[in-house]
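Q: One structure coming up, written as structure tokens, with questions to follow.
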Amino acid sequence: MPATTKTNFQLVVNGLLNENPIFRLALSMCPAVGISTTVANGLLLGVAVLFVQVFSSCTISLIKDHIHPRIRIPTYTLTIATWVTVIDLVLAAYLPVAYKAMGIFVRLIVAFAIITMRLEVFACRNTVTASFWDGVGMGFGFMFGMVTLGAVREVLGMGTFLGYDLMGFRPLLFFVLPAAGFFLVGFMMAVFNYVETVYRRRAKRGA
Amino acid sequence: MKEIIKITIALTISCLVAGLVIGTTFIFTAKAKQHNEHLNVEQTMLGLLGYGKSKPAPAELKLHPIHRYILSDPDTARMGYVIPVNRDGGQGFDLVELDLKGQFLKRQPLDLSAETVLSAEDRKKALAAVLGPSAEIAFADTAIIACRNGQREAYLLPGEFPGFKTFIKAMVAVGADFRMLGLEVLEHEEDPGLGGEITRDYFKNQFIGKSFDTLKRLKVVKEPLPPEYERYLECLGQADAGLAAREAEEMERLYREKDIYALTGATISSAAVTNGVKGMVRKFAYRIQILDQAITTEKIPVLF
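Structural data, given as structure tokens:
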């Protein structure tokens, strides 16, 4: 893949919609299914991923000329692990309240496929600025996916939204279980695909 | 061959740089992190005793930690308690050794201060200095005794017990007569929405007020939580509770001796917490009684 020709704005939209990590690329499904039980969980994990993705993308695009092609994956993992540890330490020291809620999620991020994948297909071929905006797009795309899943699962499963009681009872307890995450991700993928088909058809008719 | 050397060098340098970055961050943040963790634990402890933002803890309230160790030589095993004592008017720490039957063995002063006793490493160093290199020192648990004007007010017991999948870390507060004052779940990995509800007020506040005798035979019942009891549990410990004092008193009297109502769809987690709390309090009550006996017979000038 050659260097990107997209503008910064297009890069962000690309991460949010066209190449949404969860619904289009089907990457990082473990957190998407396991952790998206509430809106707050989705949001916090999204914020953590956003930071790690942006920092890692920038680092890799900075040093891309010096990475030996044979050991690029270990280098990516090392970069991600370093940033995750640094963010973990800084949060624990200076933002104890946020750390209390986000601590367990931050440490999970080392193993996320989406970050390694963005480093491999984008950051190691593009400039720092482009990688930064791509990281922002991907981070927000992931956050958008997690919040959507979390909102549906929290409202239907627990009858609450962001912890506030909406209905006073739990409509479908099934939705907090991991299996429901799979159903929901599948359903959202179908929605995204449908929108794309309609969009393409319209574009063809217009042409 | 040249390729291998190149790769090795590149990887080594990357690892060194990563290590350097992490190490630097650690050095800068370690102190603040430790401080935060300590504050966090202290806040939990005071919260369990009923102190918070609206009701600050009185100055005469003192929290004295007791650390229990298993000390073993090649042929014998014994208990070692690190306890705060009155030394020349100030605070010092002594090691009290008891054999496994609870008989007093000996007492030795330790080189610890109120700050260093908080760190597990410093404690171990001080113990090793007294016991010599041959003894094996294994940390068992900690209990905190809350005192007010020299009177024991409550015991705080941090501990862990098996949950549905992994261990649940919790802190239990009991009064001087081992009546339950409160339960706080510190860390758990129960299923969200099901077993994860053990952190909610309507579950954990059910333990408050249970006497030691009730606690010993406490079970979990699979019955729906009565709505008026749930309302009472939810606003327990809040100053502007939705219940009138008379109503709350009635609830307390009605449900004081009752068993724990299991969470919907999470009987195992509910039972795990109930049994865990039961075990923690029973074991502690037994141990503190033995320790107290040794303290009285040996006339140790303890601070609690």
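Just so you know, the protein sequences line up as chains R and X, in that order.
Per this note's numbering, the first sequence runs over residues 53 to 259.
Per this note's numbering, the second sequence runs over residues 484 to 787.
Note that the Cβ used here is the ideal one computed from N, Cα and C, for glycine as well.
Since Met210 of chain R meets chain X, which of its residues come closer than 7 Å, beta carbon to beta carbon?
A: Within 7 Å Cβ-Cβ: Gly676.
Q: Quick one: list the residues of chain R neighbouring Cys498 of chain X, beta-carbon separation under 8 Å, in chain order.
A: Residues of chain R passing the Cβ test: Leu130.
Q: Mind reading off the beta-carbon distance from Val504 of chain X to Thr134 of chain R? Whole number of angstroms is fine, and I expect it under 8 Å.
A: That belief holds up - the Cβ atoms of Val504 of chain X and Thr134 of chain R are roughly 5 Å apart, short of 8 Å.
Q: Going along the chain, which residues of its own chain have a beta-carbon closer than 8 Å to the beta-carbon of Val204 of chain R, five neighbours each way excluded?
A: Hits under 8 Å: Phe227 and Leu236.
Q: What residue from X:Leu610, X:Glu486 and X:Pro709 has the CA that sits closest to Tyr685 of chain X's CA?
A: The shortest Cα separation from Tyr685 of chain X among X:Leu610, X:Glu486 and X:Pro709 belongs to X:Pro709.
Q: Since Ile119 of chain R contacts Cys176 of chain R with CB under 8 Å, what's their CB separation in whole angstroms?
A: Their Cβ separation, rounded to whole angstroms, is 7 Å, which keeps Ile119 of chain R and Cys176 of chain R in contact under 8 Å.
Q: Whose CA, out of R:Val65, R:Pro73, R:Thr89 and R:Ala144, lies closest to the CA of Leu214 of chain R?
A: Considering only alpha carbons, the answer is R:Thr89.
Q: Roughly how many whole angstroms lie between the Cα atoms of Gly98 of chain R and Ile74 of chain R?
A: Rounded to the nearest angstrom, the two C-alpha atoms are 12 Å apart.
Q: Please identify, using Cβ separations under 7 Å, the residues of the segment 103-129 of chain R that lie next to chain X, in order along the chain.
A: Result list: His120, Arg122, Ile123, Pro126 and Thr127.
Q: Would you list, in sequence order, the uninterrupted beta strand (DSSP E) runs of no fewer than 3 residues that lie entirely inside the segment 618-673 of chain X?
A: Listed in chain order, the complete beta strand (DSSP E) runs (minimum 3 residues) inside the segment 618-673 of chain X are 619-631, 634-645, 650-658 and 663-670.
Q: Under 8 Å between beta-carbons, which chain X residues line up against Pro148 of chain R? List them in chain order, please.
A: The contacting residues are Asn519, Leu522 and Asn523.
Q: In chain order, which alpha helix (DSSP H) runs of at least 4 residues are fully inside the segment 164-212 of chain R?
A: 165-170 and 180-210, all fully within the segment 164-212 of chain R.
Q: Quick one: list the residues of chain R neighbouring Leu494 of chain X, beta-carbon separation under 7 Å, in chain order.
A: Residues of chain R passing the Cβ test: Ile123 and Pro126.
Q: Can you tell me the Cβ-Cβ gap for Glu248 of chain R and Val91 of chain R, rounded? I've got them flagged as a contact below 8 Å.
A: Going by Cβ atoms, the distance from Glu248 of chain R to Val91 of chain R rounds to 26 Å, so no, they are not a contact pair.
Q: Compute the distance between the beta-carbons of Ile112 of chain R and Thr131 of chain R, then report whether it is under 8 Å.
A: For Ile112 of chain R and Thr131 of chain R, yes; Cβs fall inside 8 Å.
Q: Output, in chain order, the set of chain R residues within a Cβ distance shorter than 9 Å of Gly748 of chain X.
A: Those within 9 Å of Gly748 of chain X in chain R are Leu225.
Q: One question on the structure: do Val142 of chain R and Thr757 of chain X come within less than 8 Å of each other, judged by their Cβ atoms?
A: The answer is no: Cβ separation not under 8 Å.
Q: Using beta-carbon positions only, say whether Ile783 of chain X and Val500 of chain X come within less than 8 Å of one another.
A: No.
Q: Does the contact criterion of 3 or more C-beta pairs under 8 Å hold for the segment 631-642 of chain X versus the segment 602-614 of chain X?
A: Counting Cβ pairs under 8 Å, fewer than three are found: no touch.
Q: Relative to the C-alpha of Ser716 of chain X, which residue among X:Phe576, X:Leu595, X:Leu698 and X:Leu737 is closest?
A: Just to set this straight, residue 716 of chain X is Leu in the shown sequence, not Ser. Closest by alpha carbon: X:Leu737.
Q: Please confirm if Thr527 of chain X has its CB atom under 8 Å from at least one CB of chain R.
A: No, Thr527 of chain X does not count as interfacial toward chain R.
Q: Please report how far the alpha carbon of Gln574 of chain X lies from the alpha carbon of Gly209 of chain R, in whole angstroms.
A: Answer to the nearest angstrom: the Cα atoms are 54 Å apart.
Q: Name the chain X residues whose beta carbon is nearer than 9 Å to that of Leu141 of chain R?
A: Here the neighbours are Ile505, Thr508, Phe509, Phe511, Thr512, Ala513 and Lys516.
Q: Can you pull the chain R residues whose beta carbon is under 8 Å from the beta carbon of Ile490 of chain X, in chain order?
A: Simply His120, Arg122 and Ile123.
Q: Based on Cα-Cα distance, which residue from X:Asn688, X:Glu732, X:Ala754 and X:Thr697 lies nearest to Lys741 of chain X?
A: The option with the nearest alpha carbon to Lys741 of chain X is X:Thr697.
Q: Quick one: is His521 of chain X buried, meaning 16 or more other Cβ sit within 10 Å of its Cβ, or exposed?
A: His521 of chain X is exposed by the Cβ-count criterion.
Q: Of all Cβ atoms in chain X, is any one closer than 8 Å to the Cβ of Val228 of chain R?
A: Answer yes: the Cβ-Cβ gap between Val228 of chain R and chain X drops below 8 Å somewhere.
Q: Jot down the residue ranges of each uninterrupted alpha helix (DSSP H) in the segment 574-625 of chain X, minimum 4 residues, whole runs only, in chain order.
A: The segment 574-625 of chain X contains these whole alpha helix (DSSP H) runs: 603-614.
Q: Name, in chain order, the residues that DSSP records as bridge partners for Leu70 of chain R.
A: It should be pointed out that residue 70 of chain R corresponds to Asn in this sequence rather than to Leu. Bridge partners of Asn70 of chain R: none, in fact.
Q: Of all the CB atoms in chain X, is at least one closer than 8 Å to the CB of Ala175 of chain R?
A: No, no contact with chain X.
Q: Answer yes or no: does any C-beta atom of chain R fall closer than 8 Å to that of Ala501 of chain X?
A: Chain R contact via Cβ: present.
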